[in-house]
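To start, the structure under review is shown below, and the notes come after it.
Next up, the structure:
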């Protein structure tokens with residue numbers, strides 16, 4: 035099924051996004067004069083009227099519907115939030131971003147993204163069973179830090195209930211043509227609060243996923259590329275929370291452990307007729323299974339009256355392991371704390387300030403065949419030994435910050451902030467591996483610091499309408515994988531080629547909300563000077579290349595629009611549309627060229643309709659459209675440069691129905707209802723690359739059925 039861009043634009047004028055945009059109240063029983071409070075990645079709650087940029091809230095109700103038509107969290111967010119790239123349909127988020135920029139991922143405010151060495155598994159680190167909501171904050175601010183001005187995804191876990199409750203959830207899923215090859219899931223939670231105001235929550239969940247099939251009923255590779263996949267994957271998640279309430283303070287502890295392993299059974303081959311990756315059932319897969327493991331511990335203390343201010347203290351420890359088919363593994367261990375105070379200066383102004391400290395130790399490596407000598411016949415003698423490509427790096431960060439809000443008039447709110455990003459990366463002496471030969475490299479300490487500002491205004495035109503404008507800065511260092519290909523003998527000689535770059539981010543928009551209609555429109559623009567990127571374009575700055583790493587100026591621009599209309603009590607329509615585009619500039623020649631598919635997503639649009647038959651039954655039909663993109667010229671008759679192949683768009687339609695009874699809820703979903711035959715965007719990036727061996731194309735999922743049953747008692 036194909037929809038024209040014009041047709042989707044017309045449809046977009048009829049409804050809105052199911053995310054309920056920035057301004058939507060999450061519970062219908064709240065009165066319309068109570069403003070929705072956003073509990074963001076910052077330590078303190080914040081009103082929407084204080085927020086001069088786009089914020090999207092994905093509620094637990096949204097997630098409960100999407101979980102039966104989406105395979106993982108990144109796919110759910112892509113279905114719901116405009117500006118986020120379509121699902122890769124793998125374990126990895128490589129090629130997914132917000133508005134052309136990187137997004138960092140937090141769980142309850144704790145950073146889990148592997149920033150020293152991007153592992154691409156940030157959104158494959160938690161089960162949806164334990165999520166209460168997801169907050170997507172576009173741009174940057176002094177309160178968040180930690181990277182570029184793409185977006186912050188803050189996953190908020192469930193909280194203890196007041197009374198003792200248990201919830202049981204079981205599910206089954208299978209592709210329509212292969213119902214016997216089913217996957218299963220189960221989740222059990224226990225929650226409550228004691229007479230001494232000690233809240234507790236324990237959630238145990240696990241999944242045994244089935245194999246994957248395309249629209250023709252052919253089995254897909256469990257991992258279609260080298261990033262890991264969702265086929266025949268075992269997954270489990272354990273979350274434990276304690277929250278003690280005192281008269282004017284709270285103490286909370288969170289312990290979380292997540293693990294997923296993608297089991298591979300057959301060797302992959304390439305079909306010479308269509309270029310698609312397939313499995314060869316005559317040859318077994320030999321090698322390790324891709325996996326992700328995350329363990330997090332967090333302790334938080336909040337005090338409502340600390341010398342007439344609010345105090346928030348948090349400390350954390352986390353460990354992330356990301357394993358690949360190549361036997362390469364990233365291990366990242368983090369610890370740190372954040373201390374913040376909020377001073378309500380008077381009825382119209384307040385100041386939040388504090389300091390954030392973090393330490394991150396990251397390594398990536400695997401066994402390699404190292405040449406140890408030459409035999410009598412002149413042939414090299416090799417020995418397998420562990421070799422690191424990113425070797426025992428330690429990043430230390432200490433960043434003070436301050437954010438100020440002022441209600442200048444009844445209609446106008448001012449926000450401004452300052453953050454001093456200050457971090458250093460210790461690189462030890464290490465051995466570079468190249469074609470069996472090790473060469474010694476001398477380490478050094480890389481130091482980065484930058485003051486960052488943000489400024490924003492929100493003007494309340496009417497009781498239901500705000501306009502906003504903001505300027506913010508982000509600051510992030512390069513992916514340290516470039517050290518494995520460092521062409522000189524010391525890090526000190528190479529330091530200038532390992533940049534930390536500043537992003538300048540501009541956004542303006544409008545949001546409207548009344549009892550039946552919610553709408554938003556935002557326009558954004560960002561620029562980076564001497565930005566770091568992987569780019570194989572022949573016009574890039576060649577003398578700064580290291581394994582396709584280039585430094586170039588970047589510009590990205592685009593828009594997002596949403597509408598949400600409650601036609602009557604039974605029927606609701608919604609739609610969203612978003613688009614981003616971007617260029618890089620060769621600083622040597624001054625020539626511009628379009629950014630490739632790893633950063634820019636074609637136009638994306640969605641439309642849905644919700645119908646509630648009665649208090650028991652409801653139905654939802656949704657469609658997600660991804661457009662075409664063809665911006666690059668061929669490098670030669672053989673094809674395109676890396677990641678510059680043209681995109682063919684596609685439309686996926688899903689159906690979800692719910693049925694509430696006195697003995698639980700049944701949720702039934704059909705993913706890819708029309709059985710569209712398509713390729714995910716990440717599969718198309720290199721479909722016509724000049725080197726045929728890198729044309730790693732794969733088909734998308736066919737029609738899939740899922741049924742879940744949940745009961746609270």
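Numbering (my numbering), first residue to last: 35 to 747. Note that CB positions come from ideal geometry on N, CA and C, so glycine has one too. None of the values given here were measured: they were computed from a predicted structure.
Identity of the residue in the options nearest residue i by Cα
i, options, result
"residue 646", "660, 329 and 607", "607"
"residue 648", "617, 615, 630 and 604", "604"
"residue 557", "86, 81 and 77", "86"
"residue 252", "711, 726 and 526", "711"
"residue 375", "650, 435, 423 and 416", "435"
"residue 315", "672, 298 and 461", "298"
"residue 352", "264, 142 and 338", "142"
"residue 462", "473, 453, 478 and 454", "478"
"residue 123", "717, 741 and 441", "717"
"residue 415", "258, 402 and 422", "402"
"residue 537", "301, 744 and 485", "485"
"residue 365", "371, 387 and 397", "397"
"residue 663", "406, 654, 614 and 650", "614"
"residue 507", "672, 109, 559 and 308", "559"
"residue 114", "738, 742, 652 and 612", "612"
"residue 226", "249, 255, 240 and 279", "279"
"residue 518", "469, 422 and 563", "422"
"residue 515", "404, 467 and 653", "467"
"residue 164", "455, 553 and 273", "273"
"residue 84", "450, 513, 644 and 473", "450"
"residue 731", "742, 743, 713 and 747", "713"
Which of helix, strand or coil DSSP assigns to residue i
i, result
"residue 132", "strand"
"residue 713", "coil"
"residue 22", "Residue 22 lies beyond the range of the chain shown here (35 to 747); nothing can be said about it."
"residue 527", "helix"
"residue 519", "helix"
"residue 62", "In this prediction, residue 62 scores a pLDDT of 35, lower than 50, which makes its location untrustworthy; no coordinate-derived value is stated."
"residue 578", "Model confidence at residue 578 stands at a pLDDT of 39, short of 50, so the residue's coordinates are unreliable; what they give is reported in the following sentence. In this structure, residue 578 counts as helix in the three-state DSSP scheme."
"residue 200", "strand"
"residue 514", "helix"
"residue 343", "coil"
"residue 261", "coil"
"residue 215", "strand"
"residue 463", "coil"
"residue 163", "helix"
"residue 279", "strand"
"residue 742", "strand"
"residue 624", "coil"
"residue 562", "strand"
"residue 474", "strand"
CB contact below 9 Å: residue i versus chain B
i, result
"residue 685", "Among the chains in the structure shown there is no chain B, since it carries only a single protein chain."
Distance between residue j and residue i (C-alpha atoms, nearest Å)
i, j, result
"residue 572", "residue 627", "For residue 572, the pLDDT reaches just 49, beneath the cut-off of 50, and the residue's location in the model is therefore unreliable, although a value from the coordinates is still provided. Near 10 Å, if we compare the C-alpha coordinates of residue 627 and residue 572."
"residue 349", "residue 433", "15 Å"
"residue 171", "residue 151", "23 Å"
"residue 335", "residue 193", "15 Å"
"residue 502", "residue 121", "30 Å"
"residue 205", "residue 733", "25 Å"
"residue 616", "residue 135", "10 Å"
"residue 723", "residue 158", "28 Å"
"residue 234", "residue 701", "28 Å"
"residue 725", "residue 545", "47 Å"
"residue 749", "residue 593", "Look at the range of the chain in this structure, 35 to 747, and you will see that residue 749 is not part of it."
"residue 399", "residue 425", "8 Å"
"residue 709", "residue 446", "50 Å"
"residue 259", "residue 437", "43 Å"
"residue 671", "residue 629", "21 Å"
"residue 223", "residue 106", "20 Å"
"residue 250", "residue 345", "58 Å"
"residue 392", "residue 370", "4 Å"
"residue 53", "residue 703", "The predicted position of residue 53 is uncertain, since its pLDDT is 38 and thus under 50; a value taken from the coordinates is nonetheless stated next. About 19 Å."
According to DSSP, residues forming a beta bridge with residue i
i, result
"residue 681", "663"
"residue 291", "272 and 329"
"residue 694", "699"
"residue 187", "139 and 170"
"residue 718", "Its beta-bridge partners do not exist; DSSP assigns none."
"residue 422", "399"
"residue 644", "606 and 654"
Can you give, in chain order, each stretch of the beta strand (DSSP E) that sits fully within the segment 82-161 and has at least 3 residues?
Counting only runs of 3 or more, we get 89-92 and 137-141.
What are the uninterrupted segments assigned as beta strand (DSSP E) that are 3 or more residues long and contained completely in the segment 581-621, given in chain order?
-> Counting only runs of 3+ residues, the beta strand (DSSP E) found wholly inside the segment 581-621 occupies 583-600 and 605-619, in chain order.
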